[in-house]
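**Q** After the structure tokens below, expect a handful of questions from me.
Residue numbers (the numbering used here): 612 to 749.
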């Protein structure tokens, strides 16, 4: 038995706005969309988007805010990483789309743990990092 794949499930405030972002900014294709859930794909990467728009937590006492698991404050708190073959090419594409992380330094960076990478954020602020391994260990 072996594990085969992981599919990130990203909490977003508005499904339609998130799908538009992933399609128009990140180059994904929408393969499913309904009122509270969507699936987008680019090449072999699949991302599930689920709507975290429950505002019923607002009037509840501070000690008990989470009940549905789809509370609006969850949107924008997730992250995932995607291994890619051409970091520089994708960086140029996504820089032009205006989705680079606010701390972007103007180019992908080499990390101490062996990757060459850059970070972006979706419309809700979820972190998406794109990388390739440049040394052994990955």
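All C-beta atoms, glycine included, are put in the ideal place defined by N, C-alpha and C.
If you reduce the DSSP assignment to three classes, tell me which class residue 631 lands in.
**A** Three-state result, residue 631: helix.
**Q** Excluding five sequence neighbours on each side, which residues of the same chain lie with their C-beta closer than 7 Å to the C-beta of residue 745?
**A** Closer than 7 Å at the Cβ level, and outside the excluded window around residue 745, lie 721, 725, 726, 727.
**Q** Counting Cβ pairs closer than 8 Å, one from the segment 657 to 671 and one from the segment 623 to 632, do we hit at least three?
**A** Judged by Cβ distances under 8 Å, the segment 657 to 671 makes contact with the segment 623 to 632, as three or more pairs qualify.
**Q** Determine the contact status of residue 696 and residue 743, defining contact as a CB-CB distance below 8 Å.
**A** Their beta carbons are under 8 Å apart, which means residue 696 touches residue 743 by this criterion.
**Q** Between which two residues does the beta strand (DSSP E) holding residue 641 run?
**A** Residue 641 -> beta strand (DSSP E) spans 640 to 644.
**Q** Report the partner residues of residue 693 according to the DSSP bridge assignment.
**A** Paired residue(s): 741.
**Q** Report all residues from its chain with a CB closer than 6 Å to the CB of residue 687; omit the five preceding and five following residues, and keep chain order.
**A** Around residue 687: 735, 736, 737.
**Q** Which partner residues of residue 661 appear in the DSSP bridge assignment?
**A** DSSP, once it has assigned bridges, lists 622, 648 as partnering residue 661.
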